[in-house]
Amino acid sequence: MTNENVILTGFMGTGKTTVGRLLAGRLGRAFVDTDEMIVGRAGKPIAAIFRDDGEARFREWEAAVAEELAGRRGLVIATGGRLMLDPDNAAALGATGPVFCLAAAPETILTRVAGDDAKRPLLDAPDAARRVQTLLQQRAAAYARFRPVMTDGRAPQEVAGDIAAALAGGLRDVLPVRSPDGSYNVIVGDGLLAEALTLAGVNGPVAVITDSEVGPRHAATLQKAAFSEKSGFYTVLTMPAGERHKTLDTVRDLYDGLLDAGLERQGTIVALGGGVVGDVAGFVAATYLRGVAFVLCPTSLLAMVDASIGGKTGVDMPQGKNLVGAFKQPRAVLADVGTLATLPAAEFTAGLAEVAKHGLITDPLLWQRLMMEEWHYDPRELAADQLRRADLQSLLARAIAVKRAVVEEDPYERGRRAVLNLGHTFGHAVEQVSGYSVRHGDAVAMGLAAAARLSARLEECSPSLPRLVEMVLARLGLPTHIPPTLDPVALFAAMRTDKKKEAGRLRFVLIRDIGDVFVRGDVAEGVVMEILRESCVDQ
Ligand SMILES: NC(=O)c1ccc[n+]([C@@H]2O[C@H](COP(=O)([O-])OP(=O)(O)OC[C@H]3O[C@@H](n4cnc5c(N)ncnc54)[C@H](O)[C@@H]3O)[C@@H](O)[C@H]2O)c1
Ligand SMILES: [Zn+2]
Numbered sequence: 169m170t171n172e173n174v175i176l177t178g179f180m181g182t183g184k185t186t187v188g189r190l191l192a193g194r195l196g197r198a199f200v201d202t203d204e205m206i207v208g209r210a211g212k213p214i215a216a217i218f219r220d221d222g223e224a225r226f227r228e229w230e231a232a233v234a235e236e237l238a239g240r241r242g243l244v245i246a247t248g249g250r251l252m253l254d255p256d257n258a259a260a261l262g263a264t265g266p267v268f269c270l271a272a273a274p275e276t277i278l279t280r281v282a283g284d285d286a287k288r289p290l291l292d293a294p295d296a297a298r299r300v301q302t303l304l305q306q307r308a309a310a311y312a313r314f315r316p317v318m319t320d321g322r323a324p325q326e327v328a329g330d331i332a333a334a335l336a337g338g339l340r341d342v343l344p345v346r347s348p349d350g351s352y353n354v355i356v357g358d359g360l361l362a363e364a365l366t367l368a369g370v371n372g373p374v375a376v377i378t379d380s381e382v383g384p385r386h387a388a389t390l391q392k393a394a395f396s397e398k399s400g401f402y403t404v405l406t407m408p409a410g411e412r413h414k415t416l417d418t419v420r421d422l423y424d425g426l427l428d429a430g431l432e433r434q435g436t437i438v439a440l441g442g443g444v445v446g447d448v449a450g451f452v453a454a455t456y457l458r459g460v461a462f463v464l465c466p467t468s469l470l471a472m473v474d475a476s477i478g479g480k481t482g483v484d485m486p487q488g489k490n491l492v493g494a495f496k497q498p499r500a501v502l503a504d505v506g507t508l509a510t511l512p513a514a515e516f517t518a519g520l521a522e523v524a525k526h527g528l529i530t531d532p533l534l535w536q537r538l539m540m541e542e543w544h545y546d547p548r549e550l551a552a553d554q555l556r557r558a559d560l561q562s563l564l565a566r567a568i569a570v571k572r573a574v575v576e577e578d579p580y581e582r583g584r585r586a587v588l589n590l591g592h593t594f595g596h597a598v599e600q601v602s603g604y605s606v607r608h609g610d611a612v613a614m615g616l617a618a619a620a621r622l623s624a625r626l627e628e629c630s631p632s633l634p635r636l637v638e639m640v641l642a643r644l645g646l647p648t649h650i651p652p653t654l655d656p657v658a659l660f661a662a663m664r665t666d667k668k669k670e671a672g673r674l675r676f677v678l679i680r681d682i683g684d685v686f687v688r689g690d691v692a693e694g695v696v697m698e699i700l701r702e703s704c705v706d707q
């Protein structure tokens, strides 16, 4: 931990001031509370400022305090409940260190506030419980960008301990994934590639499989991991980048490379790259010497939130995508947000389509964050902007949690996993008919919008849902319509041959509401054709 500030936010009654003081004691730092600073300067209590000067004046005090504190370091800062909801304040303070959001259930908040003379009047109304609930809901998406700390049933001392532990652990998000072949952790963090192998618990021989784009940029960082000198065996195999190399020929070359290098049964294969590298290296790890240990270090947004979770690996055949493969669970998945800073902007945007899909499937709050915050940017900005990396890390962790829940429920893709295909039936047809000139993520975005239109047409959702989906996709820089150069009839034919079809009727994942999707197997072909015609237009 450097000299960064530690900032606490959260609803009233979550214990920011008490926890902040304890934490400052533990870390040996100075403590400040923004409300106390304002009261000191105004020379009167907050209630009096509101009464005499109005809320707007109070918010000005807050902004001034935020700006001032942004110029200082080494502090633990407890902020008033709404200070960090202001984007300018959040940007100013968030740039100075990690922000923790203390959270509690509405009942806990009511109980705590009832015991506090200063705060009680604020909630002294017969419908206080409802008001707290509504306010929590309104602020949920804004608070969600900060690192959550649960305080229910925990003493302030314990909460301070949790935060100190998170700081000591390098502020990583650790998401355990249960699978039939044992559990593993997905770890999301900033700059964890340099420690990746230690974090994954690898201490024997290692072969890294990467591609010609990612290898030159990131393989050296991975190799710096201290263990490599100890283990004495470390080799890097580089495959050519791109989907068209996701083939058995590449797999054979990699087998050759591993045999030449002499990787034995107790060795570990580490995939360093996007989804293509992960799929190929995973298949190699599943089959080389009848299987060796496997670790994934995804470096594209899509690989982090989608391809690396769930144990599917494989390669393409001339007959179609992903036709040969195996289930192979990794020992760990290490997603370093920092590596995204070298990702081409178009790849970054394409990955956001899968994040949007995850929001639509089960997570309205994730969806809301896509709607409220700015995510369409050049990933190069990440290199210089720690706050942005922290924001992205929290978004990734949330998106990964969605896929984790689905694959835990259905590890071998027999039922529930079908919902992950939302937007993909349309999307695959677009990819195929365009001769794969449309990027997967872009095709998925077009597919998500088409699935929303189809859901509305079948009266499964509100008529306004398609507009909402289009608006969010457009904000992310993603397409919402299929290029009119693609023929709806050809797209329809591609969809009919898709393996998800059942006699004369088509199977689709449909949307009931944001965060609520289901599979319907009896969608009439005529309706699908109509939606395709509606969707193939210039934006
Ligand atoms: N196994 C699964 O469950 C699953 C799920 C979804 C997708 N996939 C597969 O994932 C693949 C798509 O993944 P993708 O979008 O990551 O494609 P990709 O691996 O081809 O990566 C896209 C491009 O970005 C480059 N790249 C990746 N990370 C980089 C970085 N940090 N800096 C610079 N360049 C970087 C790659 O070299 C490549 O040129 C498809 O083959 C798809 O079938 C698998
Ligand atoms: Zn996809």
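Heads up, the sequence shown is in the working numbering, so the first residue is 169 and it goes up one at a time.
The C-beta atom is built at its ideal place from N, Cα and C for all residues, glycine as well.
- Burial is judged here by how many other beta carbons sit within 10 angstroms of a residue's own beta carbon; methionine 252 has at least 16 and is buried.
- Considering only Gly694, Val570, Arg557 and Val452, the residue with the shortest C-alpha distance to aspartate 474 is Val570.
- Here valine 640 has Ala524, Trp535, Leu538 and Met539 as same chain residues with Cβ atoms under 8 angstroms from its own Cβ, once five neighbours each way along the sequence are excluded.
- Look at the beta carbons and you see the region 494-510 touching the region 360-369: at least three pairs across the two are nearer than 8 angstroms.
- With a cutoff of 8 angstroms on beta-carbon distance, leucine 590 and leucine 520 are scored as not near each other.
- Beyond the five residues adjoining it in sequence on each side, lysine 496 comes within less than 8 angstroms, by CB distance, of Gly450, Phe451, Ala453, Ala454, Gly459, Phe462, Gly479 and Thr481 in the same chain, given in chain order.
- When DSSP reads this structure, aspartate 341 sits in a beta bridge with Val356.
- Residues Ala624 of the same chain have their beta carbon placed closer than 7 angstroms to that of proline 631, with the five preceding and five following residues left out of the count.
- With contacts defined as CB atoms closer than 8 angstroms, isoleucine 175 and glycine 242 fail to qualify as a contacting pair.
- Uninterrupted beta strand (DSSP E) stretches at least 3 residues long and entirely within the region 417-484 occur at 436-441 and 461-466, given in chain order.
- Out of Thr202, Thr182, Phe226 and Val374, the CA that lies nearest to the CA of aspartate 284 is found in Thr182.
- Relative to the non-hydrogen atoms of ligand 1, the Cβ of leucine 511 comes within a distance shorter than 7 angstroms of at least one.
- As summarised for the region 193-230, the continuous beta strand (DSSP E) elements at least 3 residues long and confined to that stretch are 198-201, given in chain order.
- Under DSSP, alanine 569 takes part in no beta bridge, so it has no partner.
- Within the model, the alpha-carbon separation for arginine 346 versus alanine 565 is close to 16 angstroms.
- For alanine 409, the Cβ falls inside the 7 angstroms cut-off from some heavy atom of ligand 1.
- In the DSSP assignment, the residues bridged to valine 244 are Val174 and Phe199.
- Excluding sequence positions up to five before and after aspartate 559, its CB lies within less than 6 angstroms of the CB of Arg313, all in the same chain and listed in chain order.
- Note: tyrosine 311 is not bridge-paired with any residue in the DSSP secondary-structure output.
- The alpha-carbon of arginine 548 is positioned some 26 angstroms away from that of arginine 412.
- Inclusion of valine 382 in the 7 angstroms shell around ligand 1 follows from its C-beta lying nearer than that to a non-hydrogen atom of the ligand.
- At least one heavy atom of ligand 2 lies less than 7 angstroms from the C-beta of aspartate 474.
- Distances between the C-beta of histidine 608 and the heavy atoms of ligand 1 include at least one below 7 angstroms.
- Distance from the CA atom of valine 374 to the CA atom of glutamate 432, rounded to whole angstroms, is 10 angstroms.
- Per the coordinates, the alpha-carbon of asparagine 371 lies some 44 angstroms from the alpha-carbon of phenylalanine 594.
- Residue environment for phenylalanine 686: exposed (fewer than 16 other C-beta atoms within 10 angstroms of its C-beta).
- In chain order, Asp341, Ala503, Gln561, Leu564 and Ala565 place their CB closer than 6 angstroms to the CB of valine 356, counting only its own chain and leaving out the 5 sequence neighbours on each side.
- Here the alpha carbon of arginine 250 sits roughly 51 angstroms from the alpha carbon of glycine 493.
- Its chain contains Pro656 as the residues whose beta carbon lies nearer than 7 angstroms to that of arginine 701, once the 5 sequence neighbours on both sides are disregarded; these appear in chain order.
- In this structure, DSSP gives alanine 642 a helical state, which the three-state scheme calls helix.
- In this structure the region 206-213 lies against the region 226-234, because at least three pairs of beta carbons, one per stretch, are closer than 8 angstroms.
- Fewer than three Cβ pairs drawn from the region 382-394 and the region 419-434 lie within less than 8 angstroms of each other, which leaves the two stretches out of contact.
- Looking at the DSSP output, isoleucine 679 bridges to Val685.
- Relative to ligand 2, the beta carbon of histidine 592 is positioned inside 7 angstroms of a heavy atom.
- For glycine 321, no alpha helix (DSSP H) segment is defined, and its DSSP state is neither H nor E.
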